[in-house]
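Trainee: Residue numbers (the numbering used here): 404 to 746. We put the CB at the ideal spot given by N, CA and C, even for glycine.
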Ligand code: NAD
Ligand code: TYD
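1. What's the C-alpha gap between residue 608 and residue 504?
2. May I ask you to check if the CB of residue 436 is nearer than 6 Å to at least one heavy atom of the ligand TYD?
3. Going by DSSP, name the residue or residues bridged to residue 582.
4. Pairs of beta-carbons, one from the segment 577 to 592 and one from the segment 695 to 711, closer than 8 Å: are there three or more?
5. Please list the terminal residues of the continuous alpha helix (DSSP H) segment that includes residue 438.
6. How do the segment 650 to 660 and the segment 608 to 628 stand: do at least 3 beta-carbon pairs fall below 8 Å, yes or no?
7. Could you spell out the range, first to last residue, of the beta strand (DSSP E) harbouring residue 412?
8. Got a sec: does the ligand NAD put a non-hydrogen atom nearer than 6 Å to the Cβ of residue 495?
9. Considering only residues of the same chain and omitting the five flanking positions on each side of residue 559, which have a CB-CB separation below 8 Å?
10. Please say whether residue 423 and residue 411 have beta carbons closer to each other than 7 Å?
11. Does the distance from the CB of residue 415 to the CB of residue 446 come in under 7 Å?
12. What does a CB cutoff of less than 7 Å around residue 575 pick up in its chain, not counting 5 residues either side in sequence?
13. Can you name the start and end residues of the alpha helix (DSSP H) that residue 722 belongs to?
14. Using 7 Å as the threshold, is the C-beta distance between residue 457 and residue 435 below it?
15. Would the segment 533 to 543 count as touching the segment 677 to 685 if we require 3 or more Cβ pairs under 8 Å?
16. If we ignore side chains and look at the alpha-carbon of each, how far apart do residue 548 and residue 634 end up?
17. Within the same chain, show all residues whose beta-carbon is closer than 7 Å to that of residue 510, passing over the 5 residues directly before and after it, in chain order.
18. Terminal residues of the continuous beta strand (DSSP E) containing residue 674?
19. With hydrogens ignored, establish whether the beta-carbon of residue 465 is closer than 6 Å to any heavy atom of the ligand NAD.
20. Determine the burial state of residue 663: buried for a count of at least 16 other Cβ atoms within 10 Å of its Cβ, exposed for fewer.
21. State yes or no: is the beta carbon of residue 596 nearer than 7 Å to at least one beta carbon in chain D?
22. By the DSSP assignment, the beta strand (DSSP E) with residue 489 in it spans what residues?
23. Give the C-beta separation of residue 712 and residue 600 to the nearest angstrom, bearing in mind that I take them to be a contact with Cβ-Cβ under 8 Å.
24. Can you check which of these residues, 604, 643, 637 and 582, is closest to residue 625 by C-alpha distance?
25. For the putative contact between residue 418 and residue 718, defined by C-beta atoms under 8 Å, what is the C-beta separation to the nearest angstrom?
26. Where do the ends of the alpha helix (DSSP H) carrying residue 620 lie?
27. Please find out if some non-hydrogen atom of the ligand NAD comes closer than 6 Å to the beta-carbon of residue 500.
28. Buried or exposed: where does residue 495 fall if 16 or more other Cβ atoms within 10 Å of its Cβ makes it buried?
29. Use the C-beta contact count for residue 526: other C-beta atoms within 10 angstroms, 16 or more gives buried, fewer gives exposed.
30. Go ahead and label residue 404 buried or exposed: buried means 16 or more other beta carbons lie within 10 angstroms of its beta carbon, across all protein chains shown.
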């Protein structure tokens, strides 16, 4: 598909900021990044490309119908990352997950429908919509039922269903990708890998939920970005594509790998009360995307985790600004104001 301009929502978060970097390096697209700058949005993630003529930042919410209608009329494709993304936060307060992930997605879909120019609405989803696997069950396939267990997963499953409905009812050209757990640069240190890494660097206790035997399928974020671009350019309208790292590891194994790499003792591991409704295992069957589009993850865990550790070691001021809270003022302090919304 020939694209000139893409609207990326949630581009100041972890995967969105990696994706914008990836697009600038690997395509000639122009990019509009619409981000609400919640606690998870950090303009410092994109400060290096801030003056790139192909990039514009718009501060706003996907639930703002007037704003997104205007933006949708000026782009060829939307890649919708904007979401509340942390399971533990959804357990304490589910409201923002419904507002952004469900209502926001519907507003964006309606805006997309009103655009005469738009050719693809790519919705970024997660393996968590499928629920939890037993130890010997086959990995999730695209045709599996949606059985979400956390408020986060339920809000993402809801958004997947309303995206599907917009395609079936209104003929909107949508595609959904569902990916497994990402790790890599710019991940907010509330998630397992960056939290463990920073605590280990600081020689602080590492909280491990329950018995630490829960399994996640880990993918290096750049591989995910490559998968998204492949689907955006070559995926079939109306389809769902699973993306994954083909790398199932227990949480304890992940934590011990990081401790060993940083030469820290395993005595830092601290078992804490389990997360309510904690999914035991995720695993993705990625045969469809591999066979149809030729995509597969390239980075093995040893290489990905070592690049991630290097990044957090060399970007100490980045994560220290998050811990102190000063990252929220970064853009204003650096530039004084937000740039114009018009591209
Ligand atoms: P993140 O929490 O790091 O970033 C979310 C971004 O969305 C932030 O920049 C935030 O400011 C922005 N945002 C939140 N609400 C918004 C709103 N109403 N309007 C506009 N912007 C808003 O999330 P992430 O880890 O980068 O995940 C991105 C997407 O990928 C999410 O949809 C998530 O469900 C999905 N996903 C994540 C993973 C993972 O391992 N992190 C795996 C699979 C799928
Ligand atoms: P997380 O990074 O929150 O991603 P998700 O819940 O979306 O998979 O958690 C990954 C796994 O690590 C999950 O099984 C919960 C566990 N976990 C801990 O054991 N300790 C922690 O401090 C965190 C944040 C997660």
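Mentor: So, to answer that:
1. Your numbering for residue 608 matches position 205 in the chain shown. Your numbering for residue 504 matches position 101 in the chain shown. Whole-angstrom Cα-Cα distance: 33 Å.
2. For this step, residue 436 is matched to residue 33 along the chain shown. With a threshold of 6 Å, the Cβ atom of residue 436 does not count as near the ligand TYD, since no heavy atom of the ligand is closer than that.
3. Counting from one through the chain shown, the residue named residue 582 turns up at place 179. DSSP lists 529 and 646 as partners of residue 582.
4. Pairwise C-beta distances place the segment 577 to 592 in contact with the segment 695 to 711, as three or more of them are shorter than 8 Å.
5. Position 35 of the chain shown, counted from the start, is the residue given in the question as residue 438. Element bounds for residue 438: not the alpha helix (DSSP H) but the beta strand (DSSP E), 433 to 438.
6. yes
7. Position 9 of the chain shown, counting from 1, holds the residue named residue 412. That run of the beta strand (DSSP E) goes 408 to 412.
8. As a first step, residue 495 must be located in the chain shown, where it is residue number 92. No.
9. Counted from its first residue, the chain shown places residue 559 at position 156. Hits under 8 Å: 486, 504, 528, 529, 531, 532 and 551.
10. Numbered from 1 along the chain shown, position 8 holds the residue referred to as residue 411. Numbered from 1 along the chain shown, position 20 holds the residue referred to as residue 423. Contact flag set, yes.
11. If you number the chain shown from 1, residue 415 lands on position 12. If you number the chain shown from 1, residue 446 lands on position 43. Cβ distance < 7 Å, so residue 415 and residue 446 count as in contact.
12. As a working note, residue 575 is residue 172 in the chain shown. Here the set comprises 512, 515, 516, 524 and 569.
13. For the purposes of this step, residue 722 is taken as the residue at position 319 of the chain shown. Element bounds for residue 722: 719 to 727.
14. Residue numbering aside, residue 457 sits at position 54 when the chain shown is read from its first letter. Residue numbering aside, residue 435 sits at position 32 when the chain shown is read from its first letter. No. Outside cutoff.
15. yes
16. Here residue 548 corresponds to residue number 145 of the chain shown, with the count starting at 1. Here residue 634 corresponds to residue number 231 of the chain shown, with the count starting at 1. Answer to the nearest angstrom: the Cα atoms are 22 Å apart.
17. Looking up residue 510 in the chain shown gives position 107. Cβ neighbours of residue 510 beyond the five flanking positions: 465, 466, 468 and 471.
18. Here residue 674 is taken as the residue at index 271 of the chain shown, counted from 1. Element bounds for residue 674: 672 to 675.
19. As a position in the chain shown, residue 465 is number 62, starting the count at 1. At a cut-off of 6 Å, the beta-carbon of residue 465 counts as near the ligand NAD: some heavy atom of the ligand is closer than that.
20. Walking along the chain shown from the start, residue 663 turns up at place 260. So residue 663 ends up on the exposed side.
21. Protein chains in the displayed structure number just one, and chain D is not present.
22. Residue numbering aside, residue 489 sits at position 86 when the chain shown is read from its first letter. No beta strand (DSSP E) contains residue 489, which DSSP labels as neither H nor E.
23. By one-based count along the chain shown, residue 712 stands at place 309. By one-based count along the chain shown, residue 600 stands at place 197. With 8 Å as the limit, residue 712 and residue 600 qualify as a contact, their Cβ atoms being about 6 Å apart.
24. By one-based count along the chain shown, residue 625 stands at place 222. Nearest option by C-alpha distance: 582.
25. What you label residue 418 is simply residue 15 of the chain shown in a count that begins at 1. What you label residue 718 is simply residue 315 of the chain shown in a count that begins at 1. Rounded, the Cβ-Cβ distance is 17 Å, inconsistent with contact.
26. Locating residue 620 in the chain shown gives position 217, where the first residue counts as 1. Note, residue 620: premise wrong, no alpha helix (DSSP H); beta strand (DSSP E) at 618 to 623.
27. Taking the chain shown and counting its residues from 1, one reaches residue 500 at position 97. No - the ligand NAD has no heavy atom lying nearer than 6 Å to the Cβ of residue 500.
28. Translated into the one-based positions of the chain shown, residue 495 becomes position 92. Residue 495 should be labelled exposed.
29. What you label residue 526 is simply residue 123 of the chain shown in a count that begins at 1. The residue is buried, with at least 16 neighbouring Cβ atoms inside 10 Å.
30. Counting from one through the chain shown, the residue named residue 404 turns up at place 1. With fewer than 16 Cβ atoms within 10 Å of its Cβ, residue 404 is classed as exposed.
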